[in-house]
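Protein chains in written order, with my numbering: chain H, 1 to 390; chain L, 391 to 780.
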């Protein structure tokens, strides 16, 4: 049932169209994966997500292994059945939250592996795995590569991911190299554990490491290429800023096996997605669209954003604005509600504001990626980018 | 466009079936009216409400006159357009919140006019109207009968209500009588203001007063019957407890013109609704179903409630319960989600819990009233009550 076919390769860049088949359906790539962290999209049902054209969502192993726990989840028939989502799904390894959460800023959480320090809840990393304190009750837990796979088996997502050490950004090359080899050994153990399970139910992604160092990126790509992973994720530090991120993504992608689907972890800005697509990235994920919605932000195309990728409906300028967020958007919110009403809901502290903006931002991302797919086929990616980013 | 037809009168009680026609559609009565206090159902869109079979909703004049204000609302095309609800709608007069809110307990807010003291925000009541401090910014406002009608004209709900003094419960007969006559004078002023406006766009409900005193109830009913109100609401104190409430509703209903639709303000318990229906009440409203949902409560028929009208999904007993809330319920939540998952969402503090339980409770109330309508026609109201209440 699992298959990744490249249906079109752009002649002018590494951008491509693909069909990622899973037992729960096909994902047309490039695609955006929405974060249902604790087995729930914050503020939208599975039915809402479908209606707003969502292809695939992900859930976080870290949160779910602690609450409600993998045993309960298996007993309840797995994540799909538990949360009522019958489409393709991915889980991460749980590592990201252990190694990188707790730094504080949203940007760090969004952008992923950039912190300069470790979270206080991380007690120890050694060859075996990582020991950490639960965010819920402070209890000590150990996550090993084997345990991560076992938990992800119990959760039952279609696509699952090896455990890696999320290397902090401000470490030297020697640490990055050591960390890379540790992650490689963990990847082999993850794969070995994975191969004990039944075939055809889930598929495993390896993660390419190597930080900001071209030679390490090459070594790591060669390593993951050599193992029978279904797909690859771009991991490790992506650098200090957007410019460096682009360089790192480029050097990470260059040596990766182009036949496998590639996921870029934790990236969801509109211009970043265009860059990633041009580098051959097939899937993206980020909490940004749904989190932004909960803070009053609505994603908009370039013509409406006045230089930004979103507008904030809390602003007084929208008080009497009878237009929908975006007249060209066909989400339920834009079809039925005005900016003025959304502004009122936010001012009045109404729950419905978060829900309505979540529906819009979800639809926006799905429409953005649909536009990108059409533009790849038509060879008009640059024009498409102007429409969305300016 | 406005019409109230009684399509069936039970031979064994005052229960009846009706069709309440408005420019935004027909309400089959008895019906439940959901509270969209600040022009939003907390946790559900207009589309959700329709899908879960809602006929009619209400919004609160008190909240909306303060935020976003009647001028903005009129400018935005009125409540229907503002909130994207194209069905029948009612607004109250704004009086209830001024006279009775701020007492503290949920029960008082739910049950209405029962407080023994006045809220601190109420500054003064005199012949002219009531002066109060805004719950938002403490600013002084005066609500008169004329102003209430003007605001409700601007909001544009189909059914609107006269301003009355919500008499506290623990006052003597002499205060109740004086208050009743004040409310009668306000009702006449409300009607006079209403009659200045265009015909056929909105219709006005009078409110019958008289507290717990049979002779005053008779006097007040005669008064409202004599004026050309479209419908009547049962107002004034309903007594100290459920037993007294039943007596008061009976004595209030007895002398009321049976040709007009009657609304019972602020009552939404399942057994109370059965009682009201038997007394000839046509519509009910209450924040209870949607508020209960936000606290983890799901309304259930008698067979599932173990003596209560709801179950609380927070309870540990639901942790591994794979059943839907109610296997006989066809709401989106019961069709797709288990008690176990809802329990998880509540434990994890996920927004989606409130949304999913709101959908269920809305559907429950609509299904309850549908069941009641069928039972009235079939002469099986007693059996129907056993099914829902036990």
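Ideal placement from N, C-alpha and C gives every residue a C-beta, glycine not left out.
CB contact check: residue i to chain H, cutoff 9 Å
i, result
"residue 474 of chain L", "yes"
"residue 431 of chain L", "yes"
"residue 499 of chain L", "Low per-residue confidence applies at residue 499 of chain L: pLDDT is 35, beneath 50, and the placement is therefore not dependable, though the value from the model is reported in the following sentence. Closer than 9 Å: no."
"residue 709 of chain L", "yes"
"residue 750 of chain L", "no"
"residue 520 of chain L", "no"
"residue 544 of chain L", "no"
"residue 706 of chain L", "no"
"residue 746 of chain L", "yes"
Residue i, buried or exposed, once every other Cβ within 10 Å from all chains shown has been counted against 16
i, result
"residue 124 of chain H", "exposed"
"residue 7 of chain H", "exposed"
"residue 3 of chain H", "exposed"
"residue 373 of chain H", "buried"
"residue 195 of chain H", "exposed"
"residue 529 of chain L", "exposed"
"residue 175 of chain H", "exposed"
"residue 526 of chain L", "exposed"
"residue 516 of chain L", "exposed"
"residue 482 of chain L", "buried"
"residue 279 of chain H", "buried"
"residue 245 of chain H", "buried"
"residue 38 of chain H", "buried"
"residue 713 of chain L", "exposed"
"residue 349 of chain H", "exposed"
"residue 729 of chain L", "buried"
Bounding residues of the beta strand (DSSP E) (the contiguous stretch that carries residue i)
i, result
"residue 381 of chain H", "Where residue 381 of chain H is concerned, there is no enclosing beta strand (DSSP E), although the alpha helix (DSSP H) it sits in stretches over 381–389."
"residue 234 of chain H", "231–234"
"residue 205 of chain H", "203–208"
"residue 521 of chain L", "520–523"
"residue 551 of chain L", "549–551"
"residue 125 of chain H", "122–125"
Span of the alpha helix (DSSP H), counted from its first residue to its last, around residue i
i, result
"residue 335 of chain H", "332–336"
"residue 213 of chain H", "Neither: residue 213 of chain H is in no alpha helix (DSSP H) and is coded neither H nor E."
"residue 761 of chain L", "741–768"
"residue 347 of chain H", "339–347"
"residue 155 of chain H", "145–155"
"residue 182 of chain H", "173–195"
Test: residue i CB closer than 9 Å to a CB of chain L
i, result
"residue 47 of chain H", "yes"
"residue 97 of chain H", "no"
"residue 322 of chain H", "yes"
"residue 63 of chain H", "yes"
"residue 44 of chain H", "yes"
"residue 157 of chain H", "no"
"residue 221 of chain H", "no"
"residue 104 of chain H", "Confidence in residue 104 of chain H is poor, its pLDDT being 36 and thus under 50, which makes the residue's placement unreliable; the coordinate value appears in the next sentence. No, because no Cβ of chain L sits closer than 9 Å to the Cβ of residue 104 of chain H."
CB contact below 9 Å: residue i versus chain A
i, result
"residue 696 of chain L", "Looking at the structure shown, chain A is missing, and the protein chains on hand are H and L."
Handout entry: Proximal residues, the stretch 327–354 of chain H versus chain L, C-beta separation under 9 Å
Key = 332, 333, 335, 336, 337, 338, 340, 341, 343, 344, 345, 347, 348, 349, 350, 351, 352, 353, 354
Handout entry: Those runs of the beta strand (DSSP E) which lie wholly inside the stretch 253–309 of chain H and span at least 3 residues
Key = 262–264, 283–286, 297–299
Exercise for the section: Residues of the stretch 455–471 of chain L with a CB closer than 7 Å to any CB of chain H: list them in chain order, please. Expected result: 457, 458, 462, 465, 466
Exercise for the section: Please name the residues in the stretch 289–300 of chain H whose beta-carbon is closer than 7 Å to at least one beta-carbon of chain L, in chain order. Expected result: none
Exercise for the section: Using a Cβ-Cβ cut-off of less than 7 Å, give me the residues of the stretch 368–381 of chain H that come near chain L, in sequence order. Expected result: none
Practice task
Counting only runs of 4+ residues fully inside the stretch 10–60 of chain H, write out the alpha helix (DSSP H) ranges in chain order.
Solution key: 46–51
Practice task
Check each residue of the stretch 27–40 of chain H: if its Cβ is closer than 8 Å to any Cβ of chain L, include it; give the result in chain order.
Solution key: 38, 39, 40
Practice task
Pick out the complete alpha helix (DSSP H) segments inside the stretch 463–489 of chain L, 4 residues or longer, and give them in chain order.
Solution key: 468–473
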